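Single-structure report; data block below.
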Amino acid sequence: MSHSILDEVFFAALIVLTEALPPLTWNAAYAKADAMLAKMTNDEKYLLMHGIGWYNVPIIDEGPLKAWWFAGNTPPIPRLGIPSLNMQDAAQGFRDAWRENAGLATCWPSLLALAATWNVETARKYAEALGDEYRAKGANFILGPSVNVHRSAFAGRNFEYLSGEDPFLGARLTEAYVQGVQSRGVASVVKHWIFNNQETNRRSESNTVDDKTAWELYFPPFQAAVDAGVSAVMCAYNKIDGVYSCANEKYLGILKKTIGFRGFVQSDWYATHAISVREGLDQEMPGTDYYTPEALRTVNTSLIDSSARRILAAMYRMRLFNTTKCSAPAKEWLMKDVTSEAHTALAKQVAAESIVLLKNANEVLPITNASIKRIAVVGSPSSSAASDPWGPFHWFPDGDYYSGGGSGHVTAAHLVTPLDGIRQRAAAAGIEVIAEPSDDIRRVKAAAAQADLTIVVVATTSREAEDRSTLNLDNNANALIDAIAAEVSNVVVIVQAPGAVLMPWRASVQAIGLMFLGGQETGSAWASVLFGDTSPTGRLPIMLPATDADAITTSKSANVEYSEGMATSYRNPNFTAAFPFGHGLSYSEFDYSNAEVQPCGEASKGPSLCLSLSVRNSGKRPASTVAQLYLQYPASAGYPAPLLKGFQQTGPLSAGASVTVTFRLSERDLSYYSLASGAWALAAGPSVAHIGESSRDIRTSLPITLGPNITRASEATIVV
Ligand code: BGC
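Here you go:
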């Protein structure tokens with residue numbers, strides 16, 4: 006057969022989707038990459054190193070993307086059977102960049118909402134479902150997860166970030182996400198490396214961060230992604246120490262050498278400023294055109310080989326050579342409807358699990374009391390529509406109250422609004438709903454006056470490329486809530502937000518629930534929790550500050566110095582929380598008892614210890630909770646506060662039932678980064694394990710002396 010016929014056979018339009026096999030080992034993938042590299046010309050290697058599919062117009066901030074291309078593409082190389090890379094954003098599902106394909110993929114809860122579940126298994130299921138949708142759409146890469154640990158409550162992309170404000174929470178969820186997506190044969194790109202913590206001046210600001218803060222607060226979710234076998238890392242727009250992230254030899258070196266990343270580094274779009282192969286940037290994505298064949302010819306071939314080899318290895322590891330053959334433009338693939346009833350049900354379940362019940366005075370919730378005959382549902386967000394995906398910047402839409410704005414936006418085309426969801430569920434309970442989906446105080450008060458209970462729906466949103474100027478809610482919601490609370494007594498406020506919001510009215514309402522941009526099933530998820538079909542299990546992945554002054558602000562300076570070190574969020578003893586990190590109520594109560602500690606694990610894996618205790622549902626209703634462990638290290642570790650080092654969902658417990666929860670602390674969990682030695686050191690000395698329901702609601706504390714000679718679990722000298 007001639008080459009051209011082979012090519013045709015290879016690119017025959019449809020190749021049946023097969024079940025994804027587990028990824029190859031990196032070593033096996035590198036062996037294949039080496040064999041392929043030997044057959045490639047330099048020009049072919051360059052094709053792997055440069056993204057295509059965009060009109061490169063550097064003046065325009067974002068875009069434009071060519072019709073029916075994926076957000077990120079490399080061309081196929083038919084001669085060698087190398088498939089194209091088809092990469093798509095990410096934050097809440099498969100990005101619908103074209104009007105015609107809105108609604109053909111599920112609009113999932115945001116990654117911050119996923120973080121609020123504090124549930125590793127939920128993160129895995131979410132990622133597996135996402136992987137299935139990507140694969141069915143012909144994408145072989147997902148441009149996610151976004152995992153930066155929030156520094157500032159005002160940052161516009163916080164809704165996209167799976168870590169919330171904590172590196173341990175972020176690391177555990179990131180690991181499950183990467184494994185989940187990749188188990189479906191879709192490669193994962195973790196982003197944005199590194200210190201990409203605000204949108205203000207995002208393409209120029211520089212960050213200065215000491216090594217301890219970097220290793221302890223900002224690297225762990227990336228380390229977890231690498232340990233989970235992530236395929237690529239996206240370097241960010243910002244600079245570090247005055248050097249662009251995508252050309253930053255120091256930090257790309259840490260990623261590849263110290264953190265041990267074996268995949269490839271890809272630039273964010275428009276984030277390349279020079280050829281930076283030597284500094285560690287393997288693949289330039291569009292917006293800029295530095296990685297042209299002419300320019301790459303000037304680069305030492307061993308460096309080109311190293312980058313091409315990394316890209317090929319990631320592709321082999323994920324078995325991309327054997328799967329879907331689809332290359333852009335790919336309208337027929339992007340137009341596939343990959344939604345399903347099962348995914349809608351999972352989107353609802355995750356959204357419901359993500360709801361954080363912040364307050365529930367007098368057990369006003371769930372709505373099961375027979376005396377509640379009429380409910381008023383008020384506030385314009387109760388029936389707010391999803392934003393129009395076809396504005397002038399359709400590849401970069403505005404946020405709405407279901408999905409944040411920018412490259413991660415997914416149109417909630419099959420939306421259940423809060424009003425829809427509540428109305429439907431109330432009807433089943435024989436309760437009348439008085440709807441007043443406006444912010445007109447007079448009309449809202451009139452509706453509330455006729456009802457036995459008023460649900461006020463309030464919201465705000467945010468977007469990529471812009472920080473939030475305020476932590477207040479939209480539509481003058483504070484005044485609206487104050488006015489209603491002054492008039493009637495049974496007031497439940499439900500909040501949809503992209504991150505922290507201020508709640509100055511929190512003392513004057515009965516109940517408050519919070520959902521972090523929950524996707525298309527927002528309304529049905531609210532209904533499920535409000536009416537008690539689900540007992541809330543969400544916990545805050547961030548601290549809700551009492552005032553603006555209780556959070557780090559974003560900065561307009563050219564150089565942003567992280568002078569607070571690790572003292573962000575709950576780790577800052579001077580910040581006052583309206584609701585603390587880790588907080589969240591259920592419809593029951595829990596007792597914690599019999600905490601014990603003992604060395605555990607395999608000696609070969611280094612020291613580790615296990616802390617177990619009994620958690621009992623001491624209330625009247627079936628419910629589950631999230632037991633949380635905050636470790637107060639010996640003073641030598643230099644931490645401003647105890648740190649989250651364990652969390653576990655108990656699973657459903659009937660009234661009176663108990664379960665034993667075990668937290669396992671690894672050698673890394675028992676170590677701290679010493680600036681003096683520039684390395685991790687085992688913590689030694691008096692320490693306390695605090696276990697409870699939030700960073701401020703500690704139910705039991707166990708003093709532990711971490712012995713100086715812990716070298717093996719079996720010989721651990723841990724004295725309780
Ligand atoms: C964002 C990335 C995204 C890329 C491609 C950029 O604006 O920062 O997160 O993956 O666009 O859409």
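In the working numbering, the protein residues as written are 6 to 725.
No residue lacks a Cβ here, since even glycine has one placed at the ideal position from N, Cα and C.
As the structure is a computational prediction, the values presented were derived from the model and not from experiment.
Cβ-based neighbour list, residue 180, same chain, cut-off 6 Å, excluding 5 preceding and 5 following:
229, 233
Secondary structure of residue 240, DSSP reduced to three states
strand
Buried or exposed: residue 79, going by 16 or more other Cβ atoms within 10 Å of its Cβ?
buried
Would you mind sorting residue 428 into buried or exposed? The rule is 16 or more other CB atoms within 10 Å of its CB.
buried
Give me the DSSP bridge partner(s) of residue 359.
Partner(s): none; residue 359 has no beta bridge.
What is the rounded straight-line gap between the Cα of residue 217 and the Cα of residue 579?
21 Å
Three or more C-beta pairs below 8 Å linking the segment 198-207 and the segment 236-247
yes
What's the C-alpha gap between residue 567 and residue 431?
49 Å
Could you pull out every residue in the same chain whose Cβ sits closer than 8 Å to the Cβ of residue 455, ignoring the five residues on either side in sequence?
379, 381, 439
Three-way DSSP call (helix, strand, coil) for residue 51 in this model
helix
How many angstroms separate the CA atom of residue 408 from the CA atom of residue 414?
6 Å
With residue 533 as the anchor, note down where its alpha helix (DSSP H) starts and where it stops.
527-535
How close, in whole Å, do the beta carbons of residue 416 and residue 107 come, if the pair is a contact with beta carbons under 8 Å?
4 Å
Write down every uninterrupted run of the alpha helix (DSSP H) in the segment 278-331 whose length is 4 residues or greater and which is fully enclosed by it, in chain order.
298-301, 306-322
Let me know the secondary structure DSSP gives residue 706 once reduced to three states.
strand
Restricting to Cα atoms, I'd like to know which of 610, 602, 595 is closest to residue 627.
595
How close, in whole Å, do the beta carbons of residue 165 and residue 85 come, if the pair is a contact with beta carbons under 8 Å?
Actually they are not in contact, since the Cβ atoms of residue 165 and residue 85 sit about 36 Å apart, beyond 8 Å.
How would you write the range of the alpha helix (DSSP H) that residue 453 sits in, first residue to last?
446-454
Are there 16 or more other CB atoms within 10 angstroms of the CB of residue 202, so buried, or fewer, so exposed?
buried
Leaving aside the five residues before and after residue 621 along the sequence, list all residues of the same chain whose C-beta is less than 6 Å from its C-beta, in chain order.
596, 663
What is the chain-ordered set of residues for which the beta carbon lies under 5 Å from any non-hydrogen atom of the ligand BGC?
76, 94, 148, 273, 274, 412
Leaving out five residues before and five after residue 294 in sequence, what residues of the same chain have Cβ atoms less than 6 Å from its Cβ?
61
Are the CB atoms of residue 317 and residue 571 nearer to each other than 7 Å?
no
Residue 535 versus 648, 377, 586, residue with shortest Cα-Cα distance
377
For the beta strand (DSSP E) holding residue 635, just list the boundary residues, first then last.
631-637
Per DSSP, what are the beta-bridge partners of residue 685 in this structure?
678
With a cut-off of 8 Å on the beta carbons, I'd call residue 471 and residue 161 a contact; round off their distance for me.
5 Å
Can you round the beta-carbon distance between residue 499 and residue 518 to whole angstroms, since I take them to be within the 8 Å contact cut?
5 Å
Does DSSP classify residue 340 as helix, strand or coil?
coil
State buried or exposed for residue 258, treating a residue as buried only when at least 16 other CB atoms are found within 10 Å of its CB.
exposed
Range covered by the beta strand (DSSP E) that runs through residue 651:
648-654
Could you check whether residue 638 and residue 649 sit closer than 7 Å to each other, using their CB atoms as the reference points?
no
Excluding five sequence neighbours on each side, which residues of the same chain lie with their C-beta closer than 6 Å to the C-beta of residue 276?
242, 251
Per DSSP, which residues does residue 669 bridge with? Please list them.
615
Under 6 Å Cβ to Cβ from residue 528, same chain only, skipping five residues before and after it: list those, please.
421, 422, 423, 425, 426
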